[in-house]
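By the UniProt record's numbering, the letter at position 304 of the sequence shown is numbered 304, and the numbering carries on one by one without gaps. Step one of this worksheet: look at the structure below.
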Amino acid sequence: MLRSSVSRLASLRGLASNAARKNLTIGLIPGDGIGKEVIPAGKQILENLNPKYGLNFDFIDLEAGFQTFLDTGKALPDETVKILKEQCQGALFGAVQSPTTKVEGYSSPIVALRKQLGLYANIRPVKSVSGTNDRPCDMVIVRENTEDLYIKIEKTYTDPVTGTKVAEATKRITETATRKIATIALDIALQRLKQNGHATLTVTHKSNVLSQSDGLFREICKDVYESNKAKYAGINYNEQIVDSMVYRLFREPECFDVVVAPNLYGDILSDGAAALVGSLGVVPSANVGPEIVIGEPSHGSAPDIAGKGVANPIATIRSTALMLQFLGHPEVAKDIETAVDANIREGNIKTPDLGGKSTTQQVVEDVLSKLA
Ligand code: NAI
Ligand code: MG
């Protein structure tokens, strides 16, 4: 299981100094839309943890998002980055509402934050709860978090021959970032091998078309595996072209264990995988780097339901648990996950995305009562 794997990884990634830390400063960045409804849910869970864990939290409210951009001209204020770097061991990030058309001066703050804080891995466990009607699946999507098309080098120009517009984007894959993401993915697979008795790494790519960029990703992942064969002995190594990966994800999700992917495919695959477990509203993530961990639900700002009090808080609650796991508190993370699983298994108190009628707050209270 991921739990102890990530606590071990936390120490591997230089977060060891936080491992014993009982006093934690947590930045809260709700962002836009339902981010403002789900981040308070994560905060409530932390505030109401049983004193037996001995954890104390200081919270710092931080700004970022499209509304912040409209108000101040900056989507990611320098102050937010400075406080995260200098004062916080962890943070919870809600979602930002990025416009689909270009707005001069605006750039997604979460993409910038991942780069500026060196959050090179986005870890997205997608797991069904036993005893429910969900398709059985238990996978961890390990998404590269700093490059690929998300470096956002784009240009639009007029073709001198046809006189029509052309837009181009740069897809960057580096050996350095790929080695880091392949290593953390294999380390997670190694822990799952120890716990489950089997583990498979699936490298996702499209190197049949993008032979250089995705070709490099595939080549480096393979090299990390083969150069450390003794360490990773027993882990099955697979490669899967991304389009057929989507097909297989829906046909036989139980085949996938640890999936490593470049940024864009990882983003798309994890939203797709969320459909296997009922809703985007239940899938968590952790942005992991050497200095700080940011828990972040996989979903966006959900403008269609924002302000109605019915956003599913479970993705954020699970992200809060993941953050604690990486901060060296796997036992607390486990208890939160168990409480969430009990809520899902019982199925009485659930938000409309899961077919229920409950509010965000009612779900939070049910999880808190199970945690008590
Ligand atoms: P979305 O994830 O916001 O919503 C997709 C669908 O899932 C919607 O029907 C929504 O109601 C539902 N949904 C998502 N989270 C839910 C929750 N917790 N509870 C219940 N239902 C939930 O994706 P969409 O609509 O494509 O994007 C909306 C905005 O969010 C866009 O501006 C996009 O740029 C932004 N976005 C931001 C992300 C981030 O900040 N990390 C990630 C993805 C999208
Ligand atoms: Mg996404």
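Glycine included, each C-beta is placed from N, C-alpha and C at the ideal position.
In its own chain, which residues sit with a C-beta less than 8 Å from the C-beta of residue 74, not counting the 5 before and 5 after it? Counting only Cβ-Cβ distances below 8 Å, and skipping sequence neighbours, we find 68.
Among 256, 220, 208, 82, whose alpha-carbon lies nearest the alpha-carbon of residue 179? Of the listed residues, the one whose Cα sits closest to residue 179 is 220.
For the candidate residues 331, 350, 363, whose alpha-carbon lies nearest to that of residue 52? Of all alpha-carbon atoms in 331, 350, 363, the one lying nearest the alpha-carbon of residue 52 is that of 331.
Compute the minimum distance between the beta carbon of residue 148 and the heavy atoms of the ligand NAI, and state whether it is under 6 Å. For residue 148, the Cβ stays outside the 6 Å cut-off from all heavy atoms of the ligand NAI.
Tell me whether the beta-carbon of residue 142 lies closer than 7 Å to the beta-carbon of residue 260. Contact flag set, yes.
Curious, which full-length beta strand (DSSP E) runs of at least 3 residues does the region 40-113 contain? Taking 3 residues as the shortest admissible run, the region 40-113 contains the following complete beta strand (DSSP E) segments, listed from N- to C-terminal end: 56-61, 90-95.
Does the Cβ of residue 153 have 16 or more other Cβ atoms within 10 Å, making it buried, or fewer, making it exposed? Answer is exposed; the Cβ neighbour count stays below 16.
Regarding residue 353 and the ligand MG, is the C-beta to nearest heavy atom distance less than 6 Å? Result no, Cβ not under 6 Å from the ligand MG.
Give the straight-line distance between the Cα atoms of residue 257 and residue 212, rounded to the nearest whole angstrom. One C-alpha to the other measures close to 26 Å.
Are the beta-carbon atoms of residue 35 and residue 91 separated by less than 7 Å? Judged by beta-carbon spacing, residue 91 lies beyond the 7 Å limit of residue 35, meaning their Cβ atoms are not closer than that value.
Contiguous alpha helix (DSSP H) assignments of at least 4 residues, all confined to the region 102-174: Secondary structure remark: continuous alpha helix (DSSP H) runs of at least 4 residues inside the region 102-174, in chain order: 109-116.
Which residue marks the beginning of the alpha helix (DSSP H) containing residue 352, and which one marks its end? Unbroken run through residue 352: none, as it is neither H nor E.
Using a threshold of 6 Å, is the CB atom of residue 280 nearer than that to any non-hydrogen atom of the ligand NAI? Checking the Cβ of residue 280 against the ligand NAI gives yes.
Contact test: residue 58 Cβ vs the ligand MG heavy atom, cutoff 6 Å: Checking the 6 Å criterion, the Cβ of residue 58 is out of range of every heavy atom belonging to the ligand MG.
How would you call residue 351, buried or exposed, if buried means at least 16 neighbouring beta carbons within 10 angstroms? Buried, since its Cβ has 16 or more Cβ neighbours within 10 Å.
Own chain residues within Cβ distance below 6 Å of residue 339, not counting five before or after: These residues qualify, in order along the chain: 367, 370, 371.
Can at least three beta-carbon pairs, one atom from the region 72-88 and one from the region 112-124, be found at a separation below 8 Å? Segments in contact, yes.
Check your reading: residues with Cβ closer than 6 Å to the ligand MG heavy atoms: Counting every residue whose Cβ lies closer than 6 Å to a heavy atom of the ligand MG, we get 267, 271.
Looking at the strands, I want to know which residues DSSP matches up with residue 237. DSSP lists 201 as the beta-bridge partner residues of residue 237.
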